[in-house]
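S.K.: Can you keep this structure in mind? I'll have questions shortly.
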Amino acid sequence: MEYRVLGKTGLEISRLGFGGIPIQKIDAEGTRVLVGELVKKGINFIDTARGYTVSEEYLGYALEGVRDKFVLATKSMARTKEKMAADVEISLRNLRTDHIDLYQIHNPSAADLDTVTAEGGALEALLEAKAAGKIGHIGITLHSVELFRRAIELDWVETVMFPYNVVETQGEELIAECVRKNIGFICMKPLAGGAIEDAEIAMRFILANDDVTVVIPGMADVCEIEQNAAVCSDTSPLSEGELDKIEQIKAELGTNFCRRCNYCAPCSVGINISAVFLFEGYYSRYDLKDWAADRYSSLSKVASDCIGCGICESRCPYSLPIRQMLKRAAEVMGR
Numbered sequence: 000m001e002y003r004v005l006g007k008t009g010l011e012i013s014r015l016g017f018g019g020i021p022i023q024k025i026d027a028e029g030t031r032v033l034v035g036e037l038v039k040k041g042i043n044f045i046d047t048a049r050g051y052t053v054s055e056e057y058l059g060y061a062l063e064g065v066r067d068k069f070v071l072a073t074k075s076m077a078r079t080k081e082k083m084a085a086d087v088e089i090s091l092r093n094l095r096t097d098h099i100d101l102y103q104i105h106n107p108s109a110a111d112l113d114t115v116t117a118e119g120g121a122l123e124a125l126l127e128a129k130a131a132g133k134i135g136h137i138g139i140t141l142h143s144v145e146l147f148r149r150a151i152e153l154d155w156v157e158t159v160m161f162p163y164n165v166v167e168t169q170g171e172e173l174i175a176e177c178v179r180k181n182i183g184f185i186c187m188k189p190l191a192g193g194a195i196e197d198a199e200i201a202m203r204f205i206l207a208n209d210d211v212t213v214v215i216p217g218m219a220d221v222c223e224i225e226q227n228a229a230v231c232s233d234t235s236p237l238s239e240g241e242l243d244k245i246e247q248i249k250a251e252l253g254t255n256f257c258r259r260c261n262y263c264a265p266c267s268v269g270i271n272i273s274a275v276f277l278f279e280g281y282y283s284r285y286d287l288k289d290w291a292a293d294r295y296s297s298l299s300k301v302a303s304d305c306i307g308c309g310i311c312e313s314r315c316p317y318s319l320p321i322r323q324m325l326k327r328a329a330e331v332m333g334r
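Note that numbering that gives the first Met the number 0 gives residue 175 to position 176 of the sequence shown, counting from 1, and the numbers run on in steps of one.
If you want it as structure tokens, here you go:
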């Protein structure tokens, strides 16, 4: 296993990390089996989140006795100091640890980021937790290129997590900028939310980019860990055949795949279009039906609320048939 330093955190981590969202599909004992396999493969970076229902709890159980072998990261959607301080304490209890190596602000909007950094915002709680030794470092997770650009100018940001895969390459220049600024880059969505079926070539594409510090595919089965670890051990350049396959994947997904750039916003009736497609993708591809349905039901406006005005489509840089895609999402999600 190859290891990298996670930017200015100084943490030495495996190039392949473990994304903790899919373990919601299994149980605590199954998670313990997975953690044991991670130890065998030399995978020492684990990422989870307060929002991943039982993920922190399962990992806390599974990490007992081997906590010192891992760099542990989690994240919270809290935006105020009070709520973030509470979430840090919950994470510590769930993960059964006295410190969390990396605590991340989870997917803020531009307005959220203003709240987070203002007086009484979540950043104050994280800085206090860091000073108290409860967390080691502070990062941020994002889906917007504009916010990615803003985040790497903030002196407290030590890591950035952002989607990067065969069809989502919009952040490549900023990923390179992370290296120049000594900010660790954590690659999420390596399979584009499960849209890319060829996991091996998807991982090979990401690992070929030396600017990526760590890639964190979600894994809920030992065989997935074995397969991804095997891919990481292959450092040969991408072949012509693989490059052709990558172009084929781009062609197949490029006309109907939401990259969550949010250029379509704002919707005239208030639908969070990218969130609809995100949850529909988790429902359809990740087999996280209960979790995705619960998140979808929390949206104030859902796919069936679309009035078909088409304004979103005029803004989409990828010319996606958003109205048609919303109709499909409404059918899949039930409304």
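Each residue gets a CB set at the ideal place from its N, CA and C atoms; glycine is no exception.
I'd like the list of long-range same chain contacts for L277, defined as Cβ closer than 8 Å, with 5 residues on each side in sequence excluded.
M.R.: Contacts found: G192, C257 and R259.
S.K.: Quick one: is T212 buried, meaning 16 or more other Cβ sit within 10 Å of its Cβ, or exposed?
M.R.: By the 10 Å Cβ count, T212 comes out buried.
S.K.: Which same chain residues, not among the five before or five after E36, have their C-beta less than 7 Å away from its C-beta?
M.R.: Within the same chain, E36 has close Cβ partners V221 and I224.
S.K.: Sorted by chain position, which residues of the same chain lie with C-beta nearer than 8 Å to S54's C-beta, five sequence neighbours on each side aside?
M.R.: Result list for S54: G19, I20, I22, Q23, T47 and A48, in chain order.
S.K.: Using CA coordinates, which residue listed in G253, C266 and L287 is at the minimum distance from D304?
M.R.: The shortest Cα separation from D304 among G253, C266 and L287 belongs to C266.
S.K.: Say whether the stretch 298-318 touches the stretch 136-152, bearing in mind that this needs 3 or more beta-carbon pairs closer than 8 Å, one atom from each stretch.
M.R.: Verdict: no, contact absent.
S.K.: Reducing DSSP to helix, strand and coil, say where F256 ends up.
M.R.: In this structure, F256 counts as coil in the three-state DSSP scheme.
S.K.: Is it right to say T234 is buried, meaning 16 or more other beta carbons lie within 10 angstroms of its own, or is it exposed?
M.R.: The residue in question, T234, is exposed, as its Cβ has fewer than 16 Cβ neighbours within 10 Å.
S.K.: Tell me which residues share the same chain as A110 and place their Cβ nearer than 6 Å to its Cβ, disregarding the 5 neighbours each side in the sequence.
M.R.: Counting only Cβ-Cβ distances below 6 Å, and skipping sequence neighbours, we find nothing.
S.K.: Taking the C-alpha atoms as reference points, what is the distance between G6 and S318?
M.R.: About 36 Å.
S.K.: Indicate the three-state DSSP secondary structure (helix, strand or coil) for T96 in the structure shown.
M.R.: Looking at T96 - three-state DSSP - the assignment turns out to be coil, as it is neither helix nor strand.
S.K.: Just curious, the beta strand (DSSP E) that M187 is in, first and last residue?
M.R.: It spans G183 to M187 - the beta strand (DSSP E) in which M187 sits, taken as one unbroken run.
S.K.: Given this structure, state the Cα-to-Cα distance separating S232 from C186, to the nearest angstrom.
M.R.: S232 and C186: Cα-Cα distance of roughly 18 Å.
S.K.: Beta-carbon separation of M0 and L15 under 8 Å?
M.R.: In this structure, L15 lies closer than 8 Å to M0 by Cβ.
S.K.: Using the rule of at least 16 other Cβ atoms within 10 Å of the residue's Cβ for burial, across every protein chain shown, is Q247 buried or exposed?
M.R.: Answer is exposed; the Cβ neighbour count stays below 16.
S.K.: Cutting at 6 Å between CB atoms, please list the residues of its own chain near N328, excluding the five before and the five after it.
M.R.: The sequence as given places Ala at residue 328; Asn does not occur at that position. V275, E279 and A302.
S.K.: Which residue from Y51, L94, E81 and T79 puts its Cα closest to that of F69?
M.R.: Of the candidates Y51, L94, E81 and T79, the one whose C-alpha sits nearest the C-alpha of F69 is L94.
S.K.: Ignoring anything shorter than 4 residues, give me the alpha helix (DSSP H) runs that lie fully in the stretch 166-233, in order along the chain.
M.R.: Runs found: 171-179, 198-206 and 221-231.
S.K.: Does the beta-carbon distance from V156 to G138 come in below 8 Å?
M.R.: Closer than 8 Å, so yes.
S.K.: Which of the three DSSP states is assigned to D86 in this structure?
M.R.: Helix, per DSSP.
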